[in-house]
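Chemist: Got a structure for you, questions after.
Number of protein chains: 2
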Amino acid sequence: MIGLRRLTSVVRPVGSRIVKTGVCKPFYSLSRVNLYSTKTVQLTADTYKDKVSRSPDFKKLEVADIDYFKSVLNDSNSILTDEDDLSFYNEDWMRKYRGQSKLVLKPRNAEQVSQILKYCNEKKLAVVPQGGNTGLVGGSIPIFDEIIISVASINKIRHFDNVSGILKCDAGVILENADNYLGQQGYIFPLDLGAKGSCHVGGVVATNAGGLRLLRYGSLHGSVLGLEVVLPDGTIYNSMNSLRKDNTGFDLKQLFIGSEGSIGIITGVSILCPSRPNSFNVALLGVSSYETVQKVFVETRKELGEILSAFEFMDGKSQILTGRYLKLDHPIESAEFPFYILIETSGSNKEHDDEKLETFLGNQMENGLVEDGIIAQDEAQVKSLWSWRESLPEASNSAGGVYKYDVSLPLSDLYGLVDAAGEKLAEAGLVDMDDESKPVVGAVGYGHVGDGNLHLNVCVREYSKKVEEVLEPFVYEWIQQHKGSISAEHGLGFQKKNYIGYTKNENEIKLMKQLKAHYDPNGIMNPYKYI
Amino acid sequence: MIGLRRLTSVVRPVGSRIVKTGVCKPFYSLSRVNLYSTKTVQLTADTYKDKVSRSPDFKKLEVADIDYFKSVLNDSNSILTDEDDLSFYNEDWMRKYRGQSKLVLKPRNAEQVSQILKYCNEKKLAVVPQGGNTGLVGGSIPIFDEIIISVASINKIRHFDNVSGILKCDAGVILENADNYLGQQGYIFPLDLGAKGSCHVGGVVATNAGGLRLLRYGSLHGSVLGLEVVLPDGTIYNSMNSLRKDNTGFDLKQLFIGSEGSIGIITGVSILCPSRPNSFNVALLGVSSYETVQKVFVETRKELGEILSAFEFMDGKSQILTGRYLKLDHPIESAEFPFYILIETSGSNKEHDDEKLETFLGNQMENGLVEDGIIAQDEAQVKSLWSWRESLPEASNSAGGVYKYDVSLPLSDLYGLVDAAGEKLAEAGLVDMDDESKPVVGAVGYGHVGDGNLHLNVCVREYSKKVEEVLEPFVYEWIQQHKGSISAEHGLGFQKKNYIGYTKNENEIKLMKQLKAHYDPNGIMNPYKYI
Chain A
1 MIGLRRLTSV VRPVGSRIVK TGVCKPFYSL SRVNLYSTKT VQLTADTYKD
51 KVSRSPDFKK LEVADIDYFK SVLNDSNSIL TDEDDLSFYN EDWMRKYRGQ
101 SKLVLKPRNA EQVSQILKYC NEKKLAVVPQ GGNTGLVGGS IPIFDEIIIS
151 VASINKIRHF DNVSGILKCD AGVILENADN YLGQQGYIFP LDLGAKGSCH
201 VGGVVATNAG GLRLLRYGSL HGSVLGLEVV LPDGTIYNSM NSLRKDNTGF
251 DLKQLFIGSE GSIGIITGVS ILCPSRPNSF NVALLGVSSY ETVQKVFVET
301 RKELGEILSA FEFMDGKSQI LTGRYLKLDH PIESAEFPFY ILIETSGSNK
351 EHDDEKLETF LGNQMENGLV EDGIIAQDEA QVKSLWSWRE SLPEASNSAG
401 GVYKYDVSLP LSDLYGLVDA AGEKLAEAGL VDMDDESKPV VGAVGYGHVG
451 DGNLHLNVCV REYSKKVEEV LEPFVYEWIQ QHKGSISAEH GLGFQKKNYI
501 GYTKNENEIK LMKQLKAHYD PNGIMNPYKY I
Chain B
1 MIGLRRLTSV VRPVGSRIVK TGVCKPFYSL SRVNLYSTKT VQLTADTYKD
51 KVSRSPDFKK LEVADIDYFK SVLNDSNSIL TDEDDLSFYN EDWMRKYRGQ
101 SKLVLKPRNA EQVSQILKYC NEKKLAVVPQ GGNTGLVGGS IPIFDEIIIS
151 VASINKIRHF DNVSGILKCD AGVILENADN YLGQQGYIFP LDLGAKGSCH
201 VGGVVATNAG GLRLLRYGSL HGSVLGLEVV LPDGTIYNSM NSLRKDNTGF
251 DLKQLFIGSE GSIGIITGVS ILCPSRPNSF NVALLGVSSY ETVQKVFVET
301 RKELGEILSA FEFMDGKSQI LTGRYLKLDH PIESAEFPFY ILIETSGSNK
351 EHDDEKLETF LGNQMENGLV EDGIIAQDEA QVKSLWSWRE SLPEASNSAG
401 GVYKYDVSLP LSDLYGLVDA AGEKLAEAGL VDMDDESKPV VGAVGYGHVG
451 DGNLHLNVCV REYSKKVEEV LEPFVYEWIQ QHKGSISAEH GLGFQKKNYI
501 GYTKNENEIK LMKQLKAHYD PNGIMNPYKY I
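Chains A and B, in that order, are what the protein sequence lines are.
As numbered in the UniProt record's numbering, residues 1 to 531 make up the first sequence, in order.
As numbered in the UniProt record's numbering, residues 1 to 531 make up the second sequence, in order.
Have a look at this one:
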């Protein structure tokens, strides 16, 4: 890591221009190659045969149904029935879930979706809406023979207003395409995530994705201005307006943000986009405790306020594992710290941003909170520092496997879960970083402090019933006791459908079930999942 | 206006520290003195007797009902039946609406609200939830004999986490008290408005208030993290968590943001608060056209991006009227400009903010977009510049009266409505700025460009049927044609209940009515209003 500048108690490095394109984070895309592996994925219906069975309420697909869909779509490319063609849509990219759909429909507009859904609703044919198929909880994969309705062919940019920054586009536009388009106009999509090359704008909204810009640009509930959604009965709900302020009745679109295809299919999105910052900085710091991480976070918000765009933390163990995986010395070589912080700033004036960051870091070293650290001096160094955060998922998996928990907790308790899981595993005598006879390498924690989002990775040498029994339901119960969420950003899908009670109370669940029944009385939308 | 510095083509004024407290904007609070006037307000039921009549479905209040409420509240101060006591709750502060309620209940917690609502729902007693009673559309005032449920006694700060910036408080906490409390911790409430000294946090959420910080901190749909709400059947929906990210099911709380008391009573709010900026700047600029206003807005977002906190525009006529009203020369004396722009920045570093603003203004003068302008040098000057924006509502009203339209439009059409209304009035021969024989002084426009929010004020010497007929439904139809909203921030309430069709389409209205019926099948919540 030659060339990175070590911080001294007063920091005055020379800043260099850093381009954001270089900082996009391929958390998931690396694993995407798995898709082309030949290993057959077990049918979800088999894996979970004791937990789920096909509902007899749903009609089975017949030739007459396919004939009807042909009359609607009027285009052979929009109807897939060939088994090979279907396999891409029947499996998730992690190759964890596999459905048995016999039919994929690829409508080209909301009107076609409406005709399809209306028919399915009347005939009680179950459906699964699908976007880019990059989900992590099996939400867009059929369990049995549900018809897959892919929005991949509904994929046009509809309009962009370069005064207000409001983008209107079809649901099937790939996130990266939307962001590149916006980049040409000097704007930025208010959300970024590793799967950006595959995931759809509509899918991002349907799952209320959080991603890497949430700290700065807030949640989709604030930035989405309007939606076009087809309801199960074929009604097209259209609120694709361009208004930031509109207080005329219930804000219905909010219901569909994060509804995971359970009450409608999003076909269009209107969203407010911020101006693209032209200056980026990244620093990596070593601190002595999680308490200090929190203190530095408070100081960061105060001093870097409007230019702060990421505040990620990683524990020491995670960095040791990452170092082994990358076969590299850690960029902060002076000592092994219990915690590391990665700070990114982005703003409109490079000189000002540099000065703010340097003054801030100087202050933090003088007051003793930050013990050592590094500021990236060019784009390569930015990438290099980010890689110590980005490589963490793969590093966690490198010993043989990983139990992953994507949770949200009040900040003060955020790291407590990692400690608690580590202690439980130690008590059971299951964990050792170097002893190959133990099933668990370690429980490591990292995440977005700014969003209260922790990734707990229990890195194992092999999957084992014993480890699972120590972890579950313990982890979920711990989250419940500390008023956290068992799913910060990945959603419920199929995987966490039955765990919602750990985060939501009885009344909330009752109201959600009522709402589901209200909009989808026949239950045809994405069955066996969500709520 | 001695002491304000005139901009030259390159601007380098010396910045001075400006404290935000001095900049709060008492748009409505001045008129609040009206409350103590002795003039009797006409009963809403009489004013609108051809439009609304009491529903026979609702039970009339009996002694037995009051006895029940006494048993719940167990405190004579919490039950008001005396006519004098009731008048404050029966009238809105503008003295436009007056109801005939015989009972005000002031519960102290959600549990008491639950017992009250459950009873009312069973007995079909209609109710009106009420917060600080600062609404502008009669939404919190009974029309007939609805029971008023005031949340004024549910008014405690519950918790503040000074690491995450998450505030949990009762619905009845006055906005200014919440903001002052946050100020002591170095934070700021993400919303500010003129009525802050009276309005409640809960009311702000129930009406989805926009206010003066929306451009910077976004809408409440993004910043509210959780709510405690009592539903008509007494169910307490509680999602008062402290999580920024939580993807476990429908985000139900969103439904209550902006629902104007139509499906539940908000009793608690959890909200994410940003760090309080410590540097503020204000500049007032003169430009030649509305097109230039838009161009300057684009440049502002680019150059001031992260520190921009207000971008207000005012037309030339509005400034002439304000000058007459304030009896002052305009701070930009060099010429009368067709449009003026007020820019506010707030950030964490005064020197950086000054430099950004000065460089930006220098650029705008060099490229010819901005023709003249002024930067405030101290707090008094900040107030003075803001007063040319803040005094506009009173100035508009000073000739005798004003027809006010709070609308939202796509930015490119924003000012078109003012032109269109002005032309219609001119065609009808009704308007002249100086000719006292004409009923209309002028149609003036101003507003938050950043939010697409226009205030069209038709300033009149007297209210007249003729003027009204020219303006309505013309204004609403124009908004509809240009895909705007007839209510940007004030809401529907009683005043605009019947106009929703100008902004929302048939399907949207149908879905809203279904939702209202779903949560409030007996229709007891805030009847005769909203949807």
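Positions of the beta carbon are idealized from the N, C-alpha and C atoms, including for glycine.
(1) On the premise that B/Val475 lies in contact with A/Val163, defined as a C-beta separation below 8 Å, what is that separation, rounded to the nearest angstrom?
(2) Got a sec, what are the start and stop residues for the alpha helix (DSSP H) B/Glu312 sits in?
(3) If we ignore side chains and look at the alpha-carbon of each, how far apart do B/Pro324 and B/Gly442 end up?
(4) Return the CA-CA distance between A/Arg158 and A/Met240, expressed in angstroms with no decimal places.
(5) Drop a sphere of 10 angstroms on the beta-carbon of B/Asn74, count the other beta-carbons inside from all chains shown, and report buried for 16 or more, exposed for fewer.
(6) Within 8 Å, do at least three Cβ pairs link the region 339-352 of chain A to the region 253-270 of chain A?
(7) In whole angstroms, what separates the C-alpha of A/Gly305 from that of B/Asn238?
(8) Using only alpha-carbon positions, find the residue among B/His518, B/Gly286, B/Gln100 and B/Gly401 that is nearest to B/Leu385.
(9) Would A/Leu515 pass as an interface residue toward chain B - the criterion being a Cβ-Cβ separation below 8 Å?
(10) Quick check on the DSSP output: what are the complete beta strand (DSSP E) runs of length 3 or more inside the region 258-311 of chain A, in order along the chain?
(11) Look at the alpha carbon of B/Arg32 and the alpha carbon of B/Gly194, and state the distance between them as a whole number of angstroms.
(12) Contact criterion: CB-CB distance below 8 Å. Does B/Ala488 meet it with respect to chain A?
(13) From what residue to what residue does the alpha helix (DSSP H) around B/Ala376 run?
(14) Taking all protein chains shown into account, do 16 or more other C-beta atoms lie within 10 angstroms of the C-beta of B/Asn208, making it buried, or fewer, making it exposed?
(15) Return the residues of the region 395-415 of chain A that lie within a Cβ-Cβ distance of less than 8 Å from chain B, sorted by chain order.
(16) With respect to the beta strand (DSSP E) encompassing A/Gly401, which residues constitute its N-terminal and C-terminal limits?
(17) Which value, in whole angstroms, describes the spacing of the CA atoms of B/Asp84 and B/Asp145?
(18) Can you have a look at A/Val467 and say buried or exposed, based on whether 16 or more other CB atoms are within 10 angstroms of its CB?
(19) Whole angstroms is fine: what's the gap from A/Val229's alpha carbon to A/Ser270's?
(20) Once the 5 residues before and after B/Ser334 are set aside, which same chain residues still bring their CB inside 7 Å of it?
(21) Would you mind listing the alpha helix (DSSP H) stretches within the region 408-483 of chain A that are 4+ residues and don't spill past its ends, in chain order?
(22) List the endpoints of the continuous beta strand (DSSP E) containing A/Phe339.
(23) For the region 176-191 of chain B and the region 105-112 of chain B, state whether three or more C-beta atom pairs, one from each stretch, are separated by less than 8 Å.
(24) Would you say A/Asn505 reaches chain B, if we count a Cβ-Cβ gap shorter than 8 Å as a contact?
(25) For a cutoff of 8 Å on Cβ pairs, would you count A/Asn498 as touching chain B?
(26) Can you give me the Cβ contacts of B/Gly450 inside the same chain, cut-off strictly under 6 Å, excluding the 5 residues immediately before and after it?
(27) In this structure, how does DSSP classify B/Pro107 when only helix, strand and coil are distinguished?
(28) Any beta carbon from chain A within less than 8 Å of B/Phe58's own beta carbon?
(29) Assign B/Met525 to one of two classes, buried (16 or more other C-beta atoms within 10 Å of its C-beta) or exposed (fewer than that).
(30) Counting only beta-carbon atoms, is A/Tyr528 nearer than 8 Å to chain B?
(31) Based on the DSSP output, what are the partners of B/Ile143 in its beta bridges?
(32) Does the distance from the C-beta atom of A/Ile147 to that of A/Asn90 stay below 8 Å?
(33) Can you tell me the Cα-Cα spacing of B/His518 and B/Val128, whole angstroms?
(34) With 16 as the cutoff for other CB atoms within 10 Å, does A/Val201 come out buried or exposed?
(35) What's the gap between the Cα of B/Ile492 and the Cα of A/Asp246?
(36) Whose Cβ in chain B lies nearer than 8 Å to the Cβ of A/Glu508?
Modeler: The relevant details are as follows:
(1) Contact flag wrong, Cβ pair sits at about 23 Å.
(2) Run containing B/Glu312: none in the alpha helix (DSSP H); it sits in the beta strand (DSSP E), Leu308 to Asp315.
(3) According to the sequence provided, residue 324 of chain B is Arg. The question's Pro does not apply to it. So the two alpha carbons sit approximately 14 Å from each other.
(4) The alpha-carbon of A/Arg158 is positioned some 11 Å away from that of A/Met240.
(5) Around the beta-carbon of B/Asn74, fewer than 16 other beta-carbon atoms lie within 10 Å, marking it exposed.
(6) In the pairwise beta carbon analysis, the region 253-270 of chain A is classified as not touching the region 339-352 of chain A: fewer than three pairs are separated by under 8 Å.
(7) Whole-angstrom Cα-Cα distance: 31 Å.
(8) Distance check between B/Leu385 and each of B/His518, B/Gly286, B/Gln100 and B/Gly401 places B/Gly286 closest, using alpha-carbon atoms only.
(9) For A/Leu515, the nearest CB of chain B lies under 8 Å from its own CB, placing it at the interface with that chain.
(10) Whole beta strand (DSSP E) segments, 3+ residues: 265-272 and 279-287.
(11) Model confidence at B/Arg32 stands at a pLDDT of 32, short of 50, so the residue's coordinates are unreliable; what they give is reported in the following sentence. If you take the alpha carbons of B/Arg32 and B/Gly194, they lie about 11 Å apart.
(12) Taking 8 Å as the CB threshold, B/Ala488 lines the interface with chain A.
(13) That residue, B/Ala376, is in no alpha helix (DSSP H); it is neither H nor E in DSSP.
(14) Classification of B/Asn208: buried, given that the 10 Å Cβ count is 16 or more.
(15) Result list: Ser408, Leu409, Pro410, Leu411 and Ser412.
(16) Per DSSP, A/Gly401 belongs to the beta strand (DSSP E) from Gly401 to Ser408.
(17) Spanning the two alpha carbons is a distance of roughly 16 Å.
(18) Buried is the call here.
(19) Looking at the two C-alpha atoms, the distance is approximately 12 Å.
(20) Excluding residues within five positions, the ones whose Cβ falls inside 7 Å are Asp372.
(21) DSSP assignment within the region 408-483 of chain A yields the following whole alpha helix (DSSP H) runs of 4 residues or more, N-terminal first: 416-427, 465-471 and 474-481.
(22) Counting along the chain, the unbroken beta strand (DSSP E) around A/Phe339 starts and ends at Phe339 to Gly347.
(23) No, they do not touch.
(24) It does: the Cβ of A/Asn505 has a partner Cβ on chain B nearer than 8 Å.
(25) No, because no Cβ of chain B sits closer than 8 Å to the Cβ of A/Asn498.
(26) If we look at B/Gly450 and ignore the five residues flanking it on each side, its Cβ neighbours are Leu215 and Phe311.
(27) For B/Pro107, the secondary structure class from DSSP, reduced to helix, strand or coil, is coil.
(28) Interface criterion not met: the Cβ of B/Phe58 is under 8 Å from no Cβ in chain A.
(29) By the 10 Å Cβ count, B/Met525 comes out buried.
(30) Residue contact check for A/Tyr528 against chain B: no CB pair falls below 8 Å.
(31) Its beta-bridge partners do not exist; DSSP assigns none.
(32) Taking 8 Å as the Cβ cut-off, A/Ile147 and A/Asn90 do not qualify as a contacting pair.
(33) Approximately 18 Å, taken between the alpha carbons.
(34) Answer is buried; the Cβ neighbour count reaches 16.
(35) The sequence shown places Leu at residue 492 of chain B, rather than the Ile named in the question. Rounded to whole angstroms, B/Leu492 to A/Asp246 spans 10 Å at the Cα level.
(36) Near A/Glu508 (Cβ distances below 8 Å), the residues of chain B are Tyr237, Asn238, Ser239, Gly249 and Leu252.
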